[in-house]
Structures are given as structure tokens and as C-alpha cells.
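Note that the working numbering has the sequence shown beginning at 812, numbered continuously upward. Backbone N, C-alpha and C fix where the C-beta goes; we use that ideal spot for every residue, glycine too.
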Amino acid sequence: MNPLNPADQPELPWLYTISPKRKLIDLNFKEIWRYKDLLFLFVKRDIVTVYKQTILGPLWYFIQPLFTSIIFTVIFNNLAAIPVKPGVPAFLFNLAGITAWNYFSACLTGTSDTFTKNQSIFGKVYFPRVIIPMSIVVSNLVKFGIQMLVFIGFYIYFTVFTDKAYAARPELSLLLLPVLVLIMGLLGLGFGMLISSMTTKYRDLTFLVGFGVQLLMYGSAVMYPLSYFEEKLPSISWLVAYNPMTIVIEAFRHIMLGVGEISSLQIIYIGAVSVLVFLFGLIVFNSTEKKFIDTV
């Protein structure tokens, strides 16, 4: 047997086969796990490069929620006199809403340009395309964790070191926090994959994402209690009440600050919506993946 002759070489089984035919809902966890090193590499890239050539660097993780909370407190609570629960500091109320909202919005905006932003990579080498939007959701967990530390720091300050100490204490419902984070991640990932697929044909949607996210923030009870909106505008309050992010933010404030009420039915509702949005986004993403290189 001649080792240099290809005909004499033993046939080795293929590790896997790359084929254009795929199922509508295709989330191959085995293949994603095989590319886990690439996933972690993208996560590291997203974390390191965002503020790599900036003056303040990672301090922007702290500055953005703090300044936004201060502005919301001055404008909505002081000037507009929007009330919060008696005894709850308005600043802490706003910081809780912004902390939850920032994770969802970062996942949505970060994944909404997956195809256009990574077309040079997608056109050269094969890997599961869904890894890139997944890496954005995972990397934003680091940012969310940092902002949670900021929130916890101010929570301790208001509960211990102020003259009128805030009386709320963590309860067993705090165990619901990982569920809320998962729901926010699925919603941001699902909507992001859907928008990313649409922007391969309609580029102007890219310019609408930032504007749309800002509008959605005002309709998600970030800077006001849902009960206040229902009291002032009862005829259209259902638009805000059935917004999944409204329930997420209300639930986040409830478990962290004891503000408002949340029911198990609402948690089931937002959980079901997040799964459906994710699956629909995945279907459109997989469909677009087959032919996007010809349109971007």
C-alpha cells in the first residue's frame, strides 16, 4: 500500500455534513457546543472592543444608568410629579427600571444587525450563524451584572445609611430574578434575529431600530408605575399592560423593591411570549441564513 496514493488511504467518517437543507426550527445544541470556544471568543470580543478606544472605558457601564436615573428622577418625579410607592426613593425606583430595560435593549440592538455587520465573516467560513447573536446576549450579561452591582450598592445606601432608611428587605421572590433575565434575553434575541433578517433586504430598518427602542421604553413603564398609567389613561392602558417588558420591569421592581403586584399568570404570559418570539425569530433567521449573502 502506497501511503502517498489517495486511493490507498482509509476512509474516515465525516464529523458532520454542511447542507443547505435545514429544518425551520433548527437550534443544534450539539453543534453549538462543538463551537463553544468560538462562542466564548465572540463574547470576549464584544466585551473588550466596545470601549477599547474610549477615555472612560468600562466606566460607561456605571455612568449610563446613573445619569439616566438622575434625569428621570428630576424630570418625571420632581417636575412632572409622577408618584412612586411611599417610602421608596424615586432614584432607586428609576434605577431598577433602567437596569432591567438596559439588558433587553442591549440584546435587541446588538443582535439586530447580525447579518449586515458580520457579512465578511459569514461569506468566508462556516460556523453556526446563531452563535453570534447568542454571544451578544451572553456578553450583555456581564454589563447587566455590573449594573446590578451598582443597583445593589445604592440599595444598601438607601436601606442603611440614609436618615429615612428604606424599609424593604429581599424576599423569597428574589429567586425569580434568573427567570426574568432569561425572558429578557429570549425577547431581545428573538426580536433581534427577526430585525436582522429583515435588514438584509430593507436597510432603512437599521435607522429605525434605535428610534423604535426609545419609543418602546416609554411604553414599558420604565420611568413610571403601571398603576399610575392605568389611573391617568385607562382607555389605552392595556397597550402598556400587555407589553411583555412592562410586566418584566414591574416584576423586577416587585422582587427588588416590593413595589406593585405581580401574579403567576403574568409570569406564565411573558414566559410564553418570550419563547414564541424567540422561535419565530429563529425560524426567520434560519430562512434568511440560506440566501442572505446574495442580498446584503
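Between the alpha carbons of G1069 and T1099 lies a gap of roughly 44 Å. The Cβ atoms of I843 and P876 lie no closer than 7 Å to each other.
For F938, no alpha helix (DSSP H) segment is defined, and its DSSP state is neither H nor E. In the structure shown, N951 adopts helical secondary structure according to DSSP, grouped into three states.
Taking a contact to require three or more Cβ pairs closer than 8 Å, the segment 944-951 and the segment 1000-1007 qualify as touching. Between the alpha carbons of I1073 and L988 lies a distance of about 13 Å. Cβ-Cβ distances below 6 Å link R940 to E1100 in the same chain, with the five nearest sequence neighbours on each side left out; the list follows chain order. Ranked by how close their Cα comes to the Cα of F904, the residues L870, F926, A917, G1071 have G1071 in first place. By the 16-neighbour rule on beta-carbons within 10 angstroms, F926 is buried. A distance of 7 Å or more separates the beta carbons of I963 and I1081. L991 and Y846 have their C-alpha atoms spaced approximately 27 Å apart. A residue is called buried when at least 16 other Cβ atoms come within 10 angstroms of its Cβ; I967 does not meet this threshold and is exposed. Approximately 4 Å separates the beta-carbon atoms of I1066 and S984; this is inside 8 Å, confirming the contact. The three-state secondary structure of M959, taken from DSSP, is helix.
Spanning the alpha carbons of I858 and F933 requires a straight line of approximately 21 Å. The residues C918, V948, in chain order, have a CB closer than 7 Å to that of G996 in the same chain once the five nearest residues on each side in sequence are set aside.
Within the same chain, Cβ atoms closer than 6 Å to the Cβ of G999 are found at F915, C918, L919, the five residues on either side in sequence being excluded. A contact is defined here as three or more CB-CB pairs under 8 Å, and the segment 1046-1055 meets this definition with respect to the segment 1029-1038. In this structure, the beta-carbon distance from V1020 to S923 falls below 7 Å. In the three-state reduction of the DSSP assignment, R1014 falls in the coil class, being assigned neither a helical nor a strand state.
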